[in-house]
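Report on one structure; see the data block that follows.
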Amino acid sequence: MAHAVRFSETGGPDVLTWEEVTVGGPGPGEVRIRHVAVGLNFADTYFRTGLYPVRLPDGIGVEASGVVEAVGEGVTHVAEGDRVTYTGSPLGAYSTERVMPASHLIKLPDEISCETAAAMTMRGLTASYLLRRIHPLKAGDTVLLHAAAGGVGLIVSQWARLLGVNVIGTVSSEEKAEVARAHGCEHIVYYRRENVAERVRELTDGAGVPVVFDSVGKDTFAGSLASLRRRGLLVCFGTASGPVPPIDAMQLALSGSLFVTRPALADYIADPAERDALAGELFGHVAAGRIKIEINQRYSLEDAAQAHRDLEAGRTTGSSVFLV
522 MAHAVRFSET
532 GGPDVLTWEE
542 VTVGGPGPGE
552 VRIRHVAVGL
562 NFADTYFRTG
572 LYPVRLPDGI
582 GVEASGVVEA
592 VGEGVTHVAE
602 GDRVTYTGSP
612 LGAYSTERVM
622 PASHLIKLPD
632 EISCETAAAM
642 TMRGLTASYL
652 LRRIHPLKAG
662 DTVLLHAAAG
672 GVGLIVSQWA
682 RLLGVNVIGT
692 VSSEEKAEVA
702 RAHGCEHIVY
712 YRRENVAERV
722 RELTDGAGVP
732 VVFDSVGKDT
742 FAGSLASLRR
752 RGLLVCFGTA
762 SGPVPPIDAM
772 QLALSGSLFV
782 TRPALADYIA
792 DPAERDALAG
802 ELFGHVAAGR
812 IKIEINQRYS
822 LEDAAQAHRD
832 LEAGRTTGSS
842 VFLV
């Protein structure tokens, strides 16, 4: 019997339940996939708490990898036995197996394991569009990256180093600072005891940075804006501390004609050709060892509630996965 983690009401980690489920055969355009590993992402908590509304009851999780067990009519880009990965809706990745749309699947190269894929598909594609699509960064640029020791942060730092881009990374502890430095951060700011914007100005001779990558949201928004140089860009791609406050357009003008964007990964991988291009570049770096994926926490699916507690308490570094 297949199993899945589901929730019937929004709230804390305890709303997650481990249930037996029935998985049928795939319909047209669908596949049945047997999961090998499932990704744990902060976005999962947004669905659980209701920040991202969904119709309940529902499954949870948007990222996993595994093996295609059956394909429905009209599916041609994957076949039975293929190793695949995916990220995106519909919810339900926290499961041993499932039926889902085939259009989301990306075939894995032989060099990348299912465990590595589950740890990096969402984070890696996010890092890919942040560095390769959002702003024309060039060698010698310096950027500010919040949560530098997190799953996305570690990939962004490594990839930025390949591009010759310097990273100022914010972290909460010496332990996380060590991890961030080991993955390419040039400078560390301890956001709990230092003024982030002041340190950024010190490190950039008063100029500020052209881009801030901010996955934290409410708590870092003001400091992120204050860290930007004239006509700089704030990329708000996450809300770990809560949604960003309303934006005063006139304040952006008075602060140096600043730009703010709130991108979503879904809009950068909606076109299969662009998704495959981003994934191909990511997979190439990982397969060659230029970018290393750190899996520092491993859980069983039955322990999903504890995994969410650890994630929200900041007790994780790098990527976390569920092993099926």
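Counting in my numbering, the sequence shown runs from 522 upward without gaps. All C-beta atoms, glycine included, are put in the ideal place defined by N, C-alpha and C.
Since C757 is in the beta strand (DSSP E), which residue starts that stretch and which ends it? As a working note, residue 757 is residue 236 in the sequence shown. C757 -> beta strand (DSSP E) spans 749-757.
Alpha carbon to alpha carbon, what distance is there between S745 and F780? Numbered from its first residue, the sequence shown carries residue 780 at position 259. Numbered from its first residue, the sequence shown carries residue 745 at position 224. Whole-angstrom Cα-Cα distance: 12 Å.
Rank W539, Q772, F758 by C-alpha distance to the C-alpha of Q827 and give the top, closest one. Residue 827 sits at position 306 when you count from the first residue of the sequence shown. The residue with the shortest Cα to Cα distance from Q827 is W539.
Check the DSSP bridge columns for F528 and list the partner residues they point to. Within the sequence shown, the letter at position 7 stands for residue 528. Note: F528 sits in a beta bridge opposite D579.
Tell whether a beta-carbon distance below 7 Å holds between G550 and G593. As a working mapping, residue 550 is identified with position 29 in the sequence shown. As a working mapping, residue 593 is identified with position 72 in the sequence shown. Result yes, Cβ atoms of G550 and G593 sit closer than 7 Å.
Can you grab the Cα-Cα spacing for the pair P767 / T543, in whole Å? Start at 1 with the first residue of the sequence shown, and residue 767 comes out as number 246. Start at 1 with the first residue of the sequence shown, and residue 543 comes out as number 22. Answer to the nearest angstrom: the Cα atoms are 44 Å apart.
From A640, S610, E618, S748, residue whose alpha carbon lies closest to that of H667: Taking the sequence shown and counting its residues from 1, one reaches residue 667 at position 146. The shortest Cα separation from H667 among A640, S610, E618, S748 belongs to S748.
Going by other Cβ atoms of all chains shown within 10 Å of its Cβ, with 16 needed for buried, is L572 buried or exposed? Position 51 of the sequence shown, counting from 1, holds the residue named residue 572. L572 is exposed by the Cβ-count criterion.
Rounded separation between S474 and G727 - CA only: Any question about residue 474 goes unanswered here, given that the chain covers just 522 to 845.
For H556, the three-state DSSP class (helix, strand or coil): The count along the sequence shown starts at 1 and reaches residue 556 at position 35. Here H556 sits in strand by DSSP.
Enclosing beta strand (DSSP E) for S840 [first to last residue]: On the sequence shown, residue 840 is found 319 positions in, with the first residue counted as 1. Counting along the chain, the beta strand (DSSP E) containing S840 begins and ends at 840-844.
At a cut of 8 Å, does the stretch 622-642 reach the stretch 599-607 through at least three beta carbon pairs? yes
Buried or exposed: M522, going by 16 or more other Cβ atoms within 10 Å of its Cβ? Walking along the sequence shown from the start, residue 522 turns up at place 1. Under this definition M522 is an exposed residue.
I believe F843 touches A640 by the beta-carbon criterion, under 8 Å. Please report the beta-carbon distance rounded to the nearest angstrom. Sequence index remark: in the sequence shown, residue 843 carries index 322 (1-based). Sequence index remark: in the sequence shown, residue 640 carries index 119 (1-based). Wrong, their Cβ atoms sit about 10 Å apart, outside the cutoff.
With 16 other Cβ atoms within 10 Å as the buried cut-off, status of G532: Residue mapping note: residue 532 aligns to position 11 of the sequence shown, counting from 1. Exposed, by the Cβ-count rule.
Should A670 and V700 be called a contact, given that it needs their Cβ atoms to be closer than 7 Å? For the purposes of this step, residue 670 is taken as the residue at position 149 of the sequence shown. For the purposes of this step, residue 700 is taken as the residue at position 179 of the sequence shown. It is a contact, given that the beta carbons lie within the stated cut-off.
Among P784, G753, G777, nearest to S736 - alpha-carbon criterion: Along the sequence shown, one-based indexing puts residue 736 at 215. Nearest option by C-alpha distance: P784.
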